[in-house]
Amino acid sequence: MLDKIAENDALTAPTQFIETGGRTLAYRSIGKGKPILLATRFRGTLDLWDPAFLNGLAEKGFRVITFDYSGLGLSTGTPSYNPLEMAADPRDLIQALGLKDVILLGWSIGGMAVQVALTLYPQEISHLVLLGSTPPGDLVKPAEQLFYDLAGKDVNDFEDVVALFFEPKSASSRAAASRSQARIEAREGDTSPAVPIDFARARIAGGPANPAFPAPPVMEMLKTTSVPILHIGGDHDIIFPVENWYALNGVLPTVTLVTYPSAGHGPQHQHPELTADIIASFVRNA
Numbered sequence: 005m006l007d008k009i010a011e012n013d014a015l016t017a018p019t020q021f022i023e024t025g026g027r028t029l030a031y032r033s034i035g036k037g038k039p040i041l042l043a044t045r046f047r048g049t050l051d052l053w054d055p056a057f058l059n060g061l062a063e064k065g066f067r068v069i070t071f072d073y074s075g076l077g078l079s080t081g082t083p084s085y086n087p088l089e090m091a092a093d094p095r096d097l098i099q100a101l102g103l104k105d106v107i108l109l110g111w112s113i114g115g116m117a118v119q120v121a122l123t124l125y126p127q128e129i130s131h132l133v134l135l136g137s138t139p140p141g142d143l144v145k146p147a148e149q150l151f152y153d154l155a156g157k158d159v160n161d162f163e164d165v166v167a168l169f170f171e172p173k174s175a176s177s178r179a180a181a182s183r184s185q186a187r188i189e190a191r192e193g194d195t196s197p198a199v200p201i202d203f204a205r206a207r208i209a210g211g212p213a214n215p216a217f218p219a220p221p222v223m224e225m226l227k228t229t230s231v232p233i234l235h236i237g238g239d240h241d242i243i244f245p246v247e248n249w250y251a252l253n254g255v256l257p258t259v260t261l262v263t264y265p266s267a268g269h270g271p272q273h274q275h276p277e278l279t280a281d282i283i284a285s286f287v288r289n290a
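Numbers 5 to 290, taken from our numbering, label the letters of the sequence shown in order.
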């Protein structure tokens, strides 16, 4: 059953639901055009994408689809932060919504999930876009302990948000964080519940790991795929440092790297319109 495409902007788009694979997935859809399906970050839900970024993608001619992972937010099923299991959600949404020629976008752990997706069902995917994510395998620069200290807190205040997703030392980055947070908090009603903190804490209980993403088949896919892949990151990402991508220069034939200065783990929230522009240009030309 095809869903009805919502033409609202990100702040007012209604949550929709679809039964697939024995559970109900909650999703929102804005815009029309080539579909781009967005897999969110650790502790992320439908409501934690910056509306300016989503609207920017829609204005560039994409159909923008966000969703809650199985068992989290407004979706039912069994929750998991194992990327091998998380990859089932975009697969089932692609099939249930009748999508073709899909761009998969993953932020943070969502970037791991969509790399697995490209490994498992490449025929469904035209482009891969990664935001603040990590390649599989051994890392030249591991995560900072600060991420684990902040990501496991019951509630994150504004200063935590700045440290997690922006660059605290930069006045312009802090100002961007304030604007982004205000946009995110502007949605009224029809919102997703937060990811349960006990479930989230269990995923990061061991602290920094190297590798963070031990998946040899995914690395082999990255080395051999013909699918264009774009990674956009900040130069000070405390969980997934961009240095780990640059260490693979010359090994990954289709990966393009874009890095923002004085930026952190949420590059699309610091530069929502620019990030939408870069993604649109990449998809047109890659």
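Where is the CB? At the ideal position from N, CA and C, for every residue including glycine.
Inter-stretch contact (C-beta, 8 Å, three-pair minimum) for the region 213-230 and the region 115-128
yes
Helix, strand or coil: which one does DSSP assign to phenylalanine 217?
Here residue 217 refers to the residue found at position 213 of the sequence shown. Phenylalanine 217 falls in the coil class under three-state DSSP.
How do the region 256-266 and the region 153-160 stand: do at least 3 beta-carbon pairs fall below 8 Å, yes or no?
no
Taking all protein chains shown into account, do 16 or more other C-beta atoms lie within 10 angstroms of the C-beta of serine 285, making it buried, or fewer, making it exposed?
Translated into the one-based positions of the sequence shown, residue 285 becomes position 281. Looking at its Cβ environment, which holds fewer than 16 other Cβ atoms inside 10 Å, serine 285 is exposed.
Starting from tyrosine 152, trace the beta strand (DSSP E) in both directions and tell me its first and last residue.
For this step, residue 152 is matched to residue 148 along the sequence shown. Not the beta strand (DSSP E): tyrosine 152 falls in the alpha helix (DSSP H), residues 149-155.
Is the region 12-21 close to the region 56-70, with three or more CB pairs under 8 Å?
yes
If contacts are defined as beta-carbon pairs under 8 Å, then valine 287 and isoleucine 98 qualify, I think. What distance do you get, rounded to the angstrom?
Indexing the sequence shown from 1 puts residue 287 at position 283. Indexing the sequence shown from 1 puts residue 98 at position 94. The Cβ separation is near 17 Å, so there is no contact.
What do you reckon, are the CB atoms on glycine 102 and phenylalanine 66 nearer than 8 Å?
The residue given as residue 102 occupies position 98 in the sequence shown. The residue given as residue 66 occupies position 62 in the sequence shown. No. Outside cutoff.
According to DSSP, is leucine 109 helix, strand or coil?
Along the sequence shown, one-based indexing puts residue 109 at 105. Reduced to three states, the DSSP call for leucine 109 is strand.
To which residues does DSSP link glutamate 128 through a beta bridge?
Within the sequence shown, the letter at position 124 stands for residue 128. Looking at the DSSP assignment, glutamate 128 forms no beta bridge with any residue, so it has no partner.
Alanine 175 and phenylalanine 244: beta carbons closer than 8 Å?
Position 171 of the sequence shown, counting from 1, holds the residue named residue 175. Position 240 of the sequence shown, counting from 1, holds the residue named residue 244. It is not a contact, given that the beta carbons lie outside the stated cut-off.
How do the region 240-259 and the region 185-197 stand: do at least 3 beta-carbon pairs fall below 8 Å, yes or no?
no
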